[in-house]
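Engineer: Protein chains in written order, with this note's numbering: chain A, 5 to 292; chain B, 70 to 414.
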Amino acid sequence: MFKVKPALIKVVVATLAFSFLALNPTQAATAIPKRIISLSPSATEILYAIGAGNQVIAVDDLSNYPSTAPITKLSAFSPNVEAIMNYKPDLIILNADATKALEVKAALEKLKIKVFLERAPLDLKQAYLEITALGRATGKISGAQSVISDMKIKISAAIKKGKTSKKITFFHELDNTLYSATSDTFIGKVYQDFKLVNVADKAATADSAGYPQLQSEYVIKSNPKIVFLADAQYGESLETLSKRAGWSGIAAVKNKNVVSLPEDIPSRWGPRLVDFYEFIASSIAKVK
Amino acid sequence: MKILKSKGHESVLAPIWNWKITAFAAALLFFVGILAISFGPVSLGFTEIIKTLFGLPGGLTGQDRTLLIDLRLPRALLAALVGAALATSGAVYQTVFRNPLADPYLLGAAAGAGLGATIALTSAGANLYSLLPIFAFFGAILAVLVSFFISGKFFAEPNSLLLSGIAVGSFATAVQTYLQQRNSSSLRPVYSWILGELTVANWQVVTWSSIYILIALIILITVSKQLDGLMLTDEEAYSLGINPNKLRVIAVVAATLATATAVSASGLIGFVGIVVPHLVRGITHRVTNRGLLTIALVGASFLVLADLGARTLLSPAELPIGVITAFVGAPFFLVVLRKKRLVNQ
Chain A
5 MFKVKPALIK
15 VVVATLAFSF
25 LALNPTQAAT
35 AIPKRIISLS
45 PSATEILYAI
55 GAGNQVIAVD
65 DLSNYPSTAP
75 ITKLSAFSPN
85 VEAIMNYKPD
95 LIILNADATK
105 ALEVKAALEK
115 LKIKVFLERA
125 PLDLKQAYLE
135 ITALGRATGK
145 ISGAQSVISD
155 MKIKISAAIK
165 KGKTSKKITF
175 FHELDNTLYS
185 ATSDTFIGKV
195 YQDFKLVNVA
205 DKAATADSAG
215 YPQLQSEYVI
225 KSNPKIVFLA
235 DAQYGESLET
245 LSKRAGWSGI
255 AAVKNKNVVS
265 LPEDIPSRWG
275 PRLVDFYEFI
285 ASSIAKVK
Chain B
70 MKILKSKGHE
80 SVLAPIWNWK
90 ITAFAAALLF
100 FVGILAISFG
110 PVSLGFTEII
120 KTLFGLPGGL
130 TGQDRTLLID
140 LRLPRALLAA
150 LVGAALATSG
160 AVYQTVFRNP
170 LADPYLLGAA
180 AGAGLGATIA
190 LTSAGANLYS
200 LLPIFAFFGA
210 ILAVLVSFFI
220 SGKFFAEPNS
230 LLLSGIAVGS
240 FATAVQTYLQ
250 QRNSSSLRPV
260 YSWILGELTV
270 ANWQVVTWSS
280 IYILIALIIL
290 ITVSKQLDGL
300 MLTDEEAYSL
310 GINPNKLRVI
320 AVVAATLATA
330 TAVSASGLIG
340 FVGIVVPHLV
350 RGITHRVTNR
360 GLLTIALVGA
370 SFLVLADLGA
380 RTLLSPAELP
390 IGVITAFVGA
400 PFFLVVLRKK
410 RLVNQ
């Protein structure tokens, strides 16, 4: 038998206890963050909707909604750890698509700052999970639940209003070089909820992320009944579309069913998704 | 010039250029052009296409006619113009700089155009999106002009111009990257512009770009005979009655005009300016600039074919044409290079 020195045992026990304290996950989860920085426009909208707005001390330069959010020059696209630390935060909402997101996360965690890595949801279900998770992370679980149930009611009402059994084809235009979004994307699934037929789906294999670039010839031939312009802010409109070669014959252009999508809303998966669903519903109503 | 065969002690030189090669290149372009407009996501009858092209009765009507005349035809023509412009400019730059690696983007034209395009895409408030071609055009011209002035004496030393072109290019790229970083929403459009695309082709673009490109090509082909003098030392060129400095300025200005137009119409399509001149020289075993017209024709055919690939490989989606020119061009180029080396050994 070895004779173990009592002093050594003490050291081992102390080390174990210390590391347990340091790693104890329940203790970390119970602390409600008071100084949150949101580096995601969608998360900012969600935080304010679930009632965590007064815990937010700074948001990134693109978080323009709600207008009361403390907008700063912090970049969500290429986060700067030192600039973030300047605000003495205790929780950072970081978008997983940001430049070097994982490195930034590791650096912040090394500085003992909690990081919520937010991934772009692929469908509505994931968006709800994201809201729930944000509620849990900020101590606003019931706020998140009521936001979700409110969204569910309003969205299903919008779908009921806009849904159609007719095969209405549409083209969602991202820019004037005809990039589009298939039904594999988040926005494509919104259209799918209304049973609209996406002309970009024939090109679904071209891009694994679901954003293929379509050919003008193909769009003309598939003759969509509605065109949704996500590039209206870049100057595209019914007028510019009708000037494109061969486009004046497309049903959507002929019948003036070219819809300019509102800025920002279609690319955010927060509570304003409701607005987007209602917008699409009323756009379809005009075609039916 | 290549020695064809030996008669006893004296060797017989091959003719400097052979018009048959040029005729073959023209026929190739015609054939490739017909091929290109015959394919697309919508299938059109071949005989109808031919009838429509030559204005014969029984051609396409209605929407199909629009597809052919307003979409496929301008796109094929633009591809041909851009291909001709880039290939010819590349060949001229290689001669002027006595450097086989020179390409039309060497003097900062690409980076300058990229910066111009990015400014147009990121400009807040003012909607400059539709002015992108103009911004790209002047970006390219400005970058080359700045390279000229920084290098000091016009062309007394082609190498110093080359170096200042590289510096100006890096500077423009730095500013472009900064703008892009500050406007992340412009990332994708800038990226797809950099890869090059002919999707915006219409008759308007074809018309204005054809004016500049044809003027530039006519100038270059007119001076092509003298350009051979630039392959010698300046003293030798003078002895042939050529003013090398003046000729270099004319050549670079015309080549830059062609390049800037091509870039502003179609983005940065890479590799055409290097591959095509070497391809033509490698296959014909002639380095003379009298082949400039042939290089233009082959460049045109190359890009028309590449665009056919861009339109059909992922149909009905698009593939950026720059991907195809480099993917097909690079290996092809290596084969020619290897063969050439074997011949030289």
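Quick reminder that beta carbons are idealized off the backbone N, C-alpha and C, glycines included.
Whole angstroms is fine: what's the gap from A62/A's alpha carbon to R140/A's?
Structural biologist: Residue mapping note: residue 62/A aligns to position 58 of the first sequence, counting from 1. Residue mapping note: residue 140/A aligns to position 136 of the first sequence, counting from 1. Going by the C-alpha atoms only, they are around 20 Å apart.
Engineer: Report the residue from F120/A, A105/A and A162/A whose alpha carbon sits nearest the alpha carbon of P37/A.
Structural biologist: Within the first sequence, numbered from 1, the residue matching residue 37/A stands at position 33. Closest by alpha carbon: F120/A.
Engineer: Taking 8 Å as the limit between beta carbons, can you name the residues of its chain near E387/B, skipping five residues before and five after?
Structural biologist: Taking the first residue of the second sequence as position 1, residue 387/B is located at position 318. For E387/B, where only same-chain residues beyond five positions count, the Cβ hits under 8 Å are E266, T268, A379 and R380.
Engineer: Nearest chain A C-beta to S192/B closer than 7 Å, yes or no?
Structural biologist: Residue numbering aside, residue 192/B sits at position 123 when the second sequence is read from its first letter. Chain A contact via Cβ: absent.
Engineer: Within its chain, find whatever has a CB closer than 7 Å to the CB of L218/A; leave out the 5 residues flanking it on each side and keep chain order.
Structural biologist: In the first sequence, residue 218/A corresponds to position 214, counting from 1. Contacts found: L182, S184, A204 and A207.
Engineer: What's the gap between the Cα of A87/A and the Cα of L256/B?
Structural biologist: On the first sequence, residue 87/A is found 83 positions in, with the first residue counted as 1. On the second sequence, residue 256/B is found 187 positions in, with the first residue counted as 1. So the alpha carbons of these two residues sit roughly 23 Å apart.
Engineer: Check for me: the beta strand (DSSP E) holding I36/A runs from which residue to which?
Structural biologist: Counted from its first residue, the first sequence places residue 36/A at position 32. Note, I36/A: premise wrong, no beta strand (DSSP E); not H, not E.
Engineer: Determine whether the Cβ of F81/A lies closer than 7 Å to any Cβ atom of chain B.
Structural biologist: Working through the first sequence from its first residue, we reach residue 81/A at position 77. Closer than 7 Å: yes.
Engineer: Using the three-state DSSP reduction, which class does A270/B fall into: helix, strand or coil?
Structural biologist: Position 201 of the second sequence, counted from the start, is the residue given in the question as residue 270/B. Three-state result, A270/B: coil.
Engineer: How would you write the range of the alpha helix (DSSP H) that T48/A sits in, first residue to last?
Structural biologist: Locating residue 48/A in the first sequence gives position 44, counting from the first residue. That run of the alpha helix (DSSP H) goes P45 to A53.
Engineer: Does any C-beta atom of chain B lie closer than 7 Å to the C-beta of P216/A?
Structural biologist: Here residue 216/A refers to the residue found at position 212 when the first sequence is read from its first residue. Interface residue, yes.
Engineer: Which class does E3/A belong to by DSSP, given the choice of helix, strand or coil?
Structural biologist: There is simply no residue 3/A to check, as chain A begins at 5 and stops at 292 in what is shown.
Engineer: Among the residues of its own chain, which have a CB less than 7 Å from the CB of P202/B, if the five just before and after it don't count?
Structural biologist: To locate residue 202/B, count along the second sequence from 1; it is residue 133. So the list reads S333 and A334, once near-sequence residues are dropped.
Engineer: Excluding five sequence neighbours on each side, which residues of the same chain lie with their C-beta closer than 6 Å to the C-beta of S55/A?
Structural biologist: As a position in the first sequence, residue 55/A is number 51, starting the count at 1. The residue asked about is misnamed: residue 55/A is Gly in this sequence, not Ser. Cβ within range, chain order: K144 and G147.
Engineer: Can you tell me the Cα-Cα spacing of V341/B and A369/B, whole angstroms?
Structural biologist: Taking the second sequence and counting its residues from 1, the one referred to as residue 341/B is at position 272. Taking the second sequence and counting its residues from 1, the one referred to as residue 369/B is at position 300. Approximately 10 Å, taken between the alpha carbons.
Engineer: Within 7 Å of any Cβ in chain B, is that where the Cβ of I220/A sits?
Structural biologist: Start at 1 with the first residue of the first sequence, and residue 220/A comes out as number 216. One point to set straight first is that residue 220/A is Ser, not Ile, in the sequence displayed. Output row for S220/A: interface = yes.
Engineer: Please determine whether the Cβ atom of S229/B lies at a distance below 6 Å from any heavy atom of the ligand MN.
Structural biologist: Only the bare structure without any ligand can be found here, which leaves the ligand MN out of the picture.
Engineer: Taking only beta-carbon atoms, is K258/A less than 7 Å away from chain B?
Structural biologist: By 1-based counting over the first sequence, the position of residue 258/A is 254. By this cut-off, K258/A is not an interface position.
Engineer: Using the Cα positions of V349/B and G159/B, report the straight-line distance between them to the nearest angstrom.
Structural biologist: The residue labelled residue 349/B in the question sits at position 280 within the second sequence. The residue labelled residue 159/B in the question sits at position 90 within the second sequence. Cα to Cα, V349/B sits roughly 12 Å from G159/B.
Engineer: Alpha carbon to alpha carbon, how far is L264/B from P389/B?
Structural biologist: Position 195 of the second sequence, counted from the start, is the residue given in the question as residue 264/B. Position 320 of the second sequence, counted from the start, is the residue given in the question as residue 389/B. Each residue's Cα considered, the two are about 6 Å apart.
Engineer: Using only the alpha-carbon positions, how far apart do D172/B and I343/B sit?
Structural biologist: For this step, residue 172/B is matched to residue 103 along the second sequence. For this step, residue 343/B is matched to residue 274 along the second sequence. The alpha-carbon atoms of D172/B and I343/B are separated by roughly 6 Å.
Engineer: Anyone know if the C-beta pair for A105/A and L98/A falls short of 7 Å?
Structural biologist: To locate residue 105/A, count along the first sequence from 1; it is residue 101. To locate residue 98/A, count along the first sequence from 1; it is residue 94. It is a contact, given that the beta carbons lie within the stated cut-off.
Engineer: Buried or exposed: which applies to N90/A, given that a residue is buried once 16 or more other Cβ atoms fall within 10 Å of its Cβ?
Structural biologist: What you label residue 90/A is simply residue 86 of the first sequence in a count that begins at 1. By the neighbour-count rule (16 or more Cβ atoms within 10 Å), N90/A is not buried but exposed.
Engineer: Which residue wins for smallest C-alpha separation from L128/A, given the options L277/A, I284/A, I288/A and S287/A?
Structural biologist: Counting from one through the first sequence, the residue named residue 128/A turns up at place 124. When C-alpha distances from L128/A are compared across L277/A, I284/A, I288/A and S287/A, the shortest belongs to L277/A.
Engineer: Who are the near neighbours of L248/B in its chain, counting only those whose CB is closer than 6 Å to its CB and skipping five residues on each side?
Structural biologist: Here residue 248/B corresponds to residue number 179 of the second sequence, with the count starting at 1. Contacts found: T187 and T191.
Engineer: Taking the alpha-carbon positions, what's the D65/A to L200/B distance?
Structural biologist: For the purposes of this step, residue 65/A is identified with residue 61 of the first sequence, where counting begins at 1. For the purposes of this step, residue 200/B is identified with residue 131 of the second sequence, where counting begins at 1. So the two alpha carbons sit approximately 27 Å from each other.
Engineer: What is the DSSP secondary structure of A62/A, counted as helix, strand or coil?
Structural biologist: The count along the first sequence starts at 1 and reaches residue 62/A at position 58. It is a strand residue.
Engineer: Kindly indicate if chain B contains any beta-carbon less than 7 Å away from that of A210/A.
Structural biologist: For the purposes of this step, residue 210/A is taken as the residue at position 206 of the first sequence. By this cut-off, A210/A is an interface position.
Engineer: Out of V392/B, I119/B, I103/B and A399/B, which one is the CA nearest neighbour of S261/B?
Structural biologist: The residue you call residue 261/B lines up with position 192 of the second sequence. Closest by alpha carbon: V392/B.
Engineer: At 4 residues or longer, and completely inside the segment 318-355 of chain B: list those alpha helix (DSSP H) runs for me, N to C.
Structural biologist: 341-353
Engineer: Taking the Cβ atom as the reference point for each residue, do A249/A and D139/B lie within a distance shorter than 7 Å?
Structural biologist: Within the first sequence, numbered from 1, the residue matching residue 249/A stands at position 245. Within the second sequence, numbered from 1, the residue matching residue 139/B stands at position 70. Yes, the Cβ-Cβ distance between A249/A and D139/B is below 7 Å.
Engineer: Going by DSSP in three states, N261/A sits in which element: helix, strand or coil?
Structural biologist: What you label residue 261/A is simply residue 257 of the first sequence in a count that begins at 1. Of the three classes helix, strand and coil, the one that applies to N261/A here is coil, per DSSP.
Engineer: For a contact defined as C-beta to C-beta under 9 Å, what are the partners of I224/A on chain B?
Structural biologist: Taking the first residue of the first sequence as position 1, residue 224/A is located at position 220. Result: V111, Q132, T135, L136 and L140.
Engineer: Helix, strand or coil for F190/A? Go by DSSP, reduced to three states.
Structural biologist: The residue given as residue 190/A occupies position 186 in the first sequence. F190/A falls in the helix class under three-state DSSP.
Engineer: Give the residues of chain A in contact with R167/B, contact being defined as C-beta atoms less than 8 Å apart.
Structural biologist: Along the second sequence, one-based indexing puts residue 167/B at 98. Chain A residues near R167/B: none, gap ~39 Å exceeds 8 Å.
Engineer: Going straight from the alpha carbon of I50/A to that of V215/B, what length do you get?
Structural biologist: Translated into positions along the first sequence, residue 50/A becomes position 46. Translated into positions along the second sequence, residue 215/B becomes position 146. Approximately 50 Å, taken between the alpha carbons.
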